[in-house]
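Since the structure comes first, as structure tokens, the remarks are kept for the end.
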Amino acid sequence: KQPFFDDLVGHAFPWSVPAENRMAAAIGYLNKVIEFPETYVDMERIDSWFIQKYGEGGSAGRLYFGKLNALNISVIRHCIDKWRLSIDEYCLLLSALLQAADKVANVTMVYYTYLKKIKPSAMKRLHLEMPIINSGPAATVHNLEASDFVQVVHGGKVLYIDPPYNERQYGGYYHLLETMTLWDNPESTGKGGVRPWPDKKSGWCSKKGAPVELEKILALTTAEWVM
């Protein structure tokens with residue numbers, strides 16, 4: 037189902053743009069905004085905390101993003117939060133931002149910390165692309181502990197589990213993606229500016245905890261097969 041982006045009609049594109057093309061029009065408009073931000077947004081209203089905490093030249097001295105890309109991320113988040121969007125429209129634009137930001141992030145593979153110098157790929161300008169919209173069977177997404185999930189979902193014959201496979205806690209190693217999603221200006225600690233995440237520690241990330249978590253899942257699930 038294609039989103040309509042009604043709030044952008046007459047602003048980012050005219051009514052004559054077909055519904056199936058409005059997602060691309062919205063993405064194209066955001067790319068235009070970050071190319072000429074002073075023309076499209078009131079720069080005094082742009083939140084500066086992300087730039088200061090995680091961008092090149094920021095007061096925290098961290099290099100997760102080059103100066104321009106840290107600004108671009110802030111500008112896009114300003115637009116997404118300012119527009120009246122449906123939950124689908126909001127999530128699609130946010131998905132496009134996260135995928136684009138990941139391509140220009142000055143990190144290796146994870147976000148626990150940043151590289152000492154801006155690498156070539158991180159010097160490229162942020163550019164949003166169309167996120168892939170799944171056209172397959174309808175699905176439901178839950179944000180739950182696995183042990184809670186298997187208690188609210190019944191009737192499935194196969195349960196596929198893809199837990200962490202080492203001691204890298206996702207809450208710490210991918211903290212910046214969560215911050216870009218929530219846009220909540222969290223307390224940032226240490227050299228890496230990691231957000232608070234004690235409540236997100238997973239037992240799956242320890243040798244002692246993983247068997248306990250697995251046994252819990254096996255005891256609770258009604259699935260016939262567990263992979």
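Following my numbering, the residues of the sequence shown are numbered contiguously, the last one being 263. The beta carbon of each residue, even a glycine, is placed where N, CA and C say it ideally should be.
Which value, in whole angstroms, describes the spacing of the CA atoms of residue 119 and residue 259?
To locate residue 119, count along the sequence shown from 1; it is residue 83. To locate residue 259, count along the sequence shown from 1; it is residue 223. Rounded to whole angstroms, residue 119 to residue 259 spans 42 Å at the Cα level.
Using 8 Å as the cut-off, can you tell me whether the stretch 44–61 makes contact with the stretch 93–106, which would need three or more C-beta pairs spanning the two stretches below that distance?
no
How long is the line joining the alpha carbons of residue 144 and residue 152, rounded to whole angstroms?
Reading the sequence shown from its first residue, position 108 is the one you call residue 144. Reading the sequence shown from its first residue, position 116 is the one you call residue 152. Spanning the two alpha carbons is a distance of roughly 11 Å.
If we ignore side chains and look at the alpha-carbon of each, how far apart do residue 191 and residue 249 end up?
Position 155 of the sequence shown holds residue 191. Position 213 of the sequence shown holds residue 249. Using only the alpha carbons, I get a separation of about 21 Å.
Assuming contact is defined by CB atoms lying nearer than 9 Å, are residue 177 and residue 111 in contact in what I supplied?
Along the sequence shown, one-based indexing puts residue 177 at 141. Along the sequence shown, one-based indexing puts residue 111 at 75. Cβ distance not < 9 Å, so residue 177 and residue 111 don't count as in contact.
Residue of 116, 75, 67, 72 minimising C-alpha distance to residue 83
Looking up residue 83 in the sequence shown gives position 47. Here the closest residue by C-alpha is 116.
How many angstroms separate the CA atom of residue 101 from the CA atom of residue 88?
Mapped onto the sequence shown, residue 101 falls at position 65. Mapped onto the sequence shown, residue 88 falls at position 52. Going from the Cα of residue 101 to the Cα of residue 88 covers about 11 Å.
Rounded C-alpha distance that separates residue 218 from residue 241
The sequence position of residue 218 within the sequence shown is 182, counting from 1. The sequence position of residue 241 within the sequence shown is 205, counting from 1. Straight-line Cα distance between these residues: approximately 24 Å.
For residue 126, which residues in the same chain have their Cβ closer than 8 Å to its Cβ, ignoring the five residues on either side in sequence?
Sequence index remark: in the sequence shown, residue 126 carries index 90 (1-based). The residues are 116.
How many Å lie between residue 197 and residue 134 at the Cα?
For the purposes of this step, residue 197 is identified with residue 161 of the sequence shown, where counting begins at 1. For the purposes of this step, residue 134 is identified with residue 98 of the sequence shown, where counting begins at 1. Each residue's Cα considered, the two are about 25 Å apart.
Whole runs of the alpha helix (DSSP H) within the stretch 160–225, excluding any shorter than 4 residues
182–188, 206–209, 211–218
How would you write the range of the alpha helix (DSSP H) that residue 248 sits in, first residue to last?
Here the question's residue 248 lines up with position 212 in the sequence shown. Its alpha helix (DSSP H) spans residues 245–256.
Under 9 Å, do residue 182 and residue 162 count as touching if we go by C-beta distance?
Taking the sequence shown and counting its residues from 1, one reaches residue 182 at position 146. Taking the sequence shown and counting its residues from 1, one reaches residue 162 at position 126. Not closer than 9 Å, so no.
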